[in-house]
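Have a look at the structure below, then the notes.
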Amino acid sequence: MPAELSVLWVDAFTTTPLHGNACAVVLDARGLDDATMQAIARETNLSETSFVFPGDAESDVNVRYWTPNGEIPLAGHPTIATTHALREAGVFAGRDVVRLKMPAAVVPVAIRPGDPVTYAMSQPPPTFLATVPRAEVATALRLREDDLLAGAMPQTVSTGTPQLMIALASRDALDRVEPDRHALFKHAARDWFSVHVFARGDDAPAALVARHFADFGDVKEDPFTGSATGGMAAYCARYGIVRERAYVVEQGMHVHRPGRAHVEVDGEPPDAIGRITVAGAAVTVMRATMRL
């Protein structure tokens, strides 16, 4: 008899179905090997699929996140989606804070009551890695070099997953980005996983508007990227691009799946940035049984 898996399809960083970023959450992944998890991630063909395992002394649950191309050590929207799915399933009933263990870190998530309920992911303090020449990045995005924010060097930042941060001078430049994927990703093996491009928002409430480019099978532009939102907040705090310590970020409009997150920066920028909190809502759009 085929194995049956309970799966919730959750849209994260939104309260509107079919907006934000979708994640399939396999509620009980015990017994699944790596090859099967990879095959399921290819089947869903989402930017990430989440697999939930029993917790241990450090965590309430252990989770593994897979793109169609492989496993990643930490991710934001699957963390929001997984916490939401387990709360709906009754696993986290009555809990204010839960701990999700993934390969990169044990990540605390606060469940904040309200309408809507929001899930606040506490990401590890940032690591600032290599920079990339501005001219090289501008060419790869099919922009002029002066479309990049003056004085801001593209740099890899990690709060668990290394991603290249690129600050642009205007929302117009962000709208004009048309990446040359070969040029953009030929150096990815150096120290980064994907590319986060952003600009100051034109209007309240969003302080920043972002786009995210990766190589997730058929997913070329990610609708909302929670891990990169944390790295972006750290980058902006370090270089004074955003001086507020708590603000709103928007992403996904360019792929017709708008999403929104609230970020909070701990510590003392620029040199002593602490944990980054990325918070958002989520909505379940499908409950399914997968037969293997």
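Letter by letter, the sequence shown follows residues 317 to 608 of the numbering used here. Every residue, glycine too, gets a C-beta built ideally from N, C-alpha and C. Treat the numbers as computed from the prediction; the structure is a model and nothing was measured.
For residue i and residue j, I'd like the C-alpha separation in whole angstroms.
i, j, result
"G556", "Q439", "20 Å"
"L500", "P574", "24 Å"
"A436", "T593", "6 Å"
"D463", "N385", "32 Å"
"A468", "V413", "36 Å"
"H512", "A351", "29 Å"
"V535", "T545", "18 Å"
"H528", "F369", "29 Å"
"H335", "T434", "16 Å"
"V422", "T395", "11 Å"
"M317", "W382", "In this prediction, M317 scores a pLDDT of 48, lower than 50, which makes its location untrustworthy; the coordinate-derived value is nonetheless stated afterwards. When rounded, the distance between both Cα atoms is 26 Å."
"V387", "M418", "Note that residue 387 corresponds to Glu in the displayed sequence, not to Val. Using only the alpha carbons, I get a separation of about 11 Å."
"A530", "A405", "31 Å"
"L459", "R561", "30 Å"
"D587", "R559", "14 Å"
"D488", "V601", "33 Å"
"A409", "P429", "12 Å"
"E452", "K502", "11 Å"
"V323", "P585", "41 Å"
"P424", "M353", "24 Å"
Helix, strand or coil: how does DSSP classify residue i here?
i, result
"G546", "helix"
"P394", "helix"
"R573", "coil"
"E537", "strand"
"R603", "strand"
"E461", "helix"
"H498", "helix"
"H518", "Per the sequence presented here, residue 518 reads as Asp, with His not at that position. Coil, per DSSP."
"Y563", "strand"
"R415", "strand"
"D582", "strand"
"D491", "helix"
"A588", "strand"
"A553", "helix"
"G596", "strand"
"V326", "strand"
"F509", "coil"
"H335", "coil"
"M469", "coil"
"M317", "With a pLDDT of 48 at M317, under the threshold of 50, the predicted position of this residue should be treated as unreliable, though the coordinate-derived value follows. If DSSP states are grouped into helix, strand and coil, M317 belongs with coil."
"P478", "strand"
"L524", "strand"
"P429", "coil"
By Cβ distance, which residues of its chain are closer than 8 Å to residue i, with the 5 residues on each side in sequence left out?
i, result
"S474", "P442, T443, L445, G547"
"D491", "H570"
"L465", "A483, L484, A485, A515, I557"
"R603", "S322, V323, L324, W325"
"A319", "G347, R607, L608"
Select from the options the residue whose C-alpha is nearest the C-alpha of residue i.
i, options, result
"A485", "D350, T447, A526, D496", "A526"
"T399", "L480, F329, H572, T472", "F329"
"T360", "N378, A340, G371, R346", "A340"
"E364", "A338, Q479, V323", "A338"
"A523", "P424, L480, E580", "E580"
"A373", "A355, R415, G392", "R415"
"I589", "G568, G596, R554, A454", "R554"
"R576", "I427, E584, V565, G542", "V565"
"P432", "A604, D518, Y551, G596", "G596"
"V407", "G371, H572, E494", "G371"
"D582", "G347, R380, E537, Y563", "Y563"
"V493", "A454, A319, G517", "A454"
Ignore the nearest five residues each way along the sequence and tell me which others in residue i's own chain have a CB closer than 6 Å to its CB.
i, result
"L321", "V342, M606"
"V448", "P470"
"A456", "D496, A499, L500"
"A420", "P389, L390, G476"
"V599", "D327, T331, P333"
"C552", "V558"
"D538", "S363, H528, A530"
"L402", "F408"
With a CB to CB cut of under 7 Å and the five nearest residues on each side skipped, what residues in its chain are close to residue i?
i, result
"A397", "V326, A328, C339, V341, S366, A598"
"W508", "T472, P478, Q479, L480"
"A549", "V579, V581, I592"
Problem - Uninterrupted beta strand (DSSP E) stretches inside the region 343 to 407 (no shorter than 3 residues) - result: 365 to 372, 375 to 383, 386 to 388
Problem - Any beta strand (DSSP E) of 3 or more consecutive residues that is wholly inside the region 432 to 460 - result: 434 to 439, 443 to 447
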